[in-house]
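Visitor: Handing you a structure now.
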Amino acid sequence: MSRASSHALKHPPVAAPSDSPAGAPPPFPELAVAIERERRRGRGAQSNASGRYEAEARVAFDDGWQSLDDLPPFKTTVAIDTSRKVITRNDSPDIGFDRSINPYRGCEHGCVYCFARPTHAFLGLSPGLDFESKLLAKPDAPDLLERELAAPDYEPRMIAIGTNTDPYQPIERERKIMRGILEVLERVGHPVGIVTKSALVTRDIDILARMARRNLVKVALSVTTLDAKLARTMEPRASTPPKRLEAIRRLADAGIPTTVMVAPVIPALNDSEIERILDAAAHAGAREASYVLLRLPLEVRDLFREWLMANYPDRYRHVFTLIRDMRGGRDYDSQWGTRMKGTGPMAWMIGRRFEIACEKLGLNKRRTKLTTDHFAKPKRSGQQLSLF
């Protein structure tokens, strides 16, 4: 292992593909710090650069003694998050909720484009492979939630779950933290909106169906592509596209308001599938639809570049040219109101295609509005019961 300047290793130079003459340096210099394929099999990111807050950066390199052969593959580990609160607040003007819950930090789905990856830097971990292999779980989340809902000054509004990391990622199958959260929300009659890429959401249809009858829940399934190869490469441990569509069908058949999210839309990679995804989801029973343009904040930009060069090098130039056309000439623009949809002719065309397809399929005719009328504040520990 070697140590070098933090900036140089955390932000390695990324050059566009070029036709190099024989003997010239490789056109993808950033791949020199990529983790060997066998060590990251089944993962989305190509590398594991140090987080941006670290004073030093570390990178593995072959010193000629085959030392890299001794390094183990990346395995999923789960630590306990000891946060004392579970509801996160936000005042972002361009999203439709002001509070959310994340049962887990990090996400094993490994979606290379995930805009939540940079949050792992706050833990001193890499937004790369660490994000999808070093996870934190919040087993106390249901108890913490009940305590926060019981606070005297708490006013109910829809809680969003799955907006940062997926609440139904693989470890939820054993941990069942999300199910515990739903049990609390059902018991107190609190509305919730769920976003996921996992068919595991159907495990909780019993709770979700009861909440839906009281207008307390809606579920959004993110379907990025119908191409099995692209999905496996870009979202290696998420449910396959057919399983997500089947989850939409099962949720809809149970009377649960279901939305399809075409997210993210990546120009020259999956934007041609917008109409087909919407058509498949509508026929599966989705009532509503939305989309989000690819976002590349902080470390996500370089991680996505590495992935694109490794898997679709022939599309690199075209993809980033179109991204910059929709981001005011930059790789990313975080401005409120435009960060989700982009600007310019290409962004306008994607938006119009989406709207026309939704209109033809009857999507978004009516928006599901959840109610807070059933909310009954839970009793705090030691609180005296009322006589009336």
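For what it's worth, the working numbering labels the leading residue of the sequence shown as 173, then goes sequentially. Cβ coordinates follow ideal geometry from the N, Cα and C atoms, glycine included. All of these numbers come straight from a predicted model, not from anything done at the bench.
So Pro436 is in the beta strand (DSSP E); what residue range does that whole segment cover?
Guide: Translated into positions along the sequence shown, residue 436 becomes position 264. Note, Pro436: beta strand (DSSP E), Thr430 to Val437.
Visitor: Compare the beta carbon distance of Thr368 and Ser305 with 8 angstroms and say whether it is the shorter of the two.
Guide: For the purposes of this step, residue 368 is identified with residue 196 of the sequence shown, where counting begins at 1. For the purposes of this step, residue 305 is identified with residue 133 of the sequence shown, where counting begins at 1. Cβ atoms of Thr368 and Ser305: not closer than 8 angstroms.
Visitor: So the candidates are Val364, Thr374, Arg319 and Leu533; which of them puts its Cα closest to the Cα of Gln341?
Guide: Translated into the one-based positions of the sequence shown, residue 341 becomes position 169. It is Thr374.
Visitor: Label Phe476 either buried or exposed according to how many other C-beta atoms from any shown protein chain fall within 10 Å of its C-beta, with 16 as the threshold for buried.
Guide: Residue numbering aside, residue 476 sits at position 304 when the sequence shown is read from its first letter. Buried.
Visitor: Cβ atoms of Val491 and Ile446: under 8 angstroms apart, would you say?
Guide: Reading the sequence shown from its first residue, position 274 is the one you call residue 446. Reading the sequence shown from its first residue, position 319 is the one you call residue 491. No, these two residues do not count as a Cβ contact at 8 angstroms.
Visitor: According to the Cβ coordinates, are His546 and Leu354 closer than 8 angstroms?
Guide: Within the sequence shown, the letter at position 374 stands for residue 546. Within the sequence shown, the letter at position 182 stands for residue 354. For His546 and Leu354, no; Cβs fall outside 8 angstroms.
Visitor: Span of the beta strand (DSSP E) holding Arg261?
Guide: As a working note, residue 261 is residue 89 in the sequence shown. Start and end: Ile259 to Arg261.
Visitor: Would you call the CB atoms of Arg448 and Leu417 closer than 8 angstroms?
Guide: Numbered from 1 along the sequence shown, position 276 holds the residue referred to as residue 448. Numbered from 1 along the sequence shown, position 245 holds the residue referred to as residue 417. No, the pair does not count as a contact, with Cβ atoms beyond the cut-off.
Visitor: Quick check: what's the CA-CA separation for Glu208 versus Asn483?
Guide: Counting from 1 along the sequence shown, the entry for residue 208 is found at position 36. Counting from 1 along the sequence shown, the entry for residue 483 is found at position 311. Glu208 and Asn483: Cα-Cα distance of roughly 15 angstroms.
Visitor: Can you check DSSP and say which residues form a bridge with Ile333?
Guide: Walking along the sequence shown from the start, residue 333 turns up at place 161. Its beta-bridge partners are Ile273 and Ile366.
Visitor: Opposite Ser411 in the DSSP bridges: which residues?
Guide: Translated into the one-based positions of the sequence shown, residue 411 becomes position 239. Answer is none; Ser411 lacks a bridge partner.
Visitor: Leaving out the 5 sequence neighbours to the left and right, which residues in its chain are closer than 8 angstroms to Lys549 when beta-carbon positions are compared?
Guide: Along the sequence shown, read from residue 1 onward, the residue named residue 549 stands at position 377. Once the five neighbours on either side are set aside, the close Cβ partners of Lys549 are Leu321, Ala322, Tyr326 and Val360.
Visitor: Do Arg351 and Asp376 come within 8 angstroms of each other at the CB atom, strictly closer than that value?
Guide: Within the sequence shown, numbered from 1, the residue matching residue 376 stands at position 204. Within the sequence shown, numbered from 1, the residue matching residue 351 stands at position 179. Yes.
Visitor: Please identify the residue among Arg386, Ala384, Leu402 and Ile420 whose C-alpha is closest to the C-alpha of Ser394.
Guide: If you number the sequence shown from 1, residue 394 lands on position 222. Considering only alpha carbons, the answer is Ile420.
Visitor: Within 10 angstroms of its Cβ, does Arg489 collect 16 or more other Cβ (buried), or is it exposed?
Guide: Counting from one through the sequence shown, the residue named residue 489 turns up at place 317. Counting Cβ neighbours within 10 Å, Arg489 comes out exposed, since fewer than 16 surround it.
Visitor: Could you round the C-beta distance between Met427 and Arg473 to whole angstroms and report it? I think they count as a contact, below 8 angstroms.
Guide: Along the sequence shown, one-based indexing puts residue 427 at 255. Along the sequence shown, one-based indexing puts residue 473 at 301. Reading off the sequence shown, one finds Gly at residue 427, where the question assumed Met. 41 angstroms between Cβ atoms; not a contact.
Visitor: CB Ser298 to CB Asp338, shorter than 8 angstroms?
Guide: One-based indexing of the sequence shown puts residue 298 at position 126. One-based indexing of the sequence shown puts residue 338 at position 166. Taking 8 angstroms as the Cβ cut-off, Ser298 and Asp338 do not qualify as a contacting pair.
Visitor: When we look at the beta-carbon of Phe246 and count the other beta-carbons within 10 Å, is it buried (16 or more) or exposed?
Guide: The residue given as residue 246 occupies position 74 in the sequence shown. Phe246 should be labelled buried.
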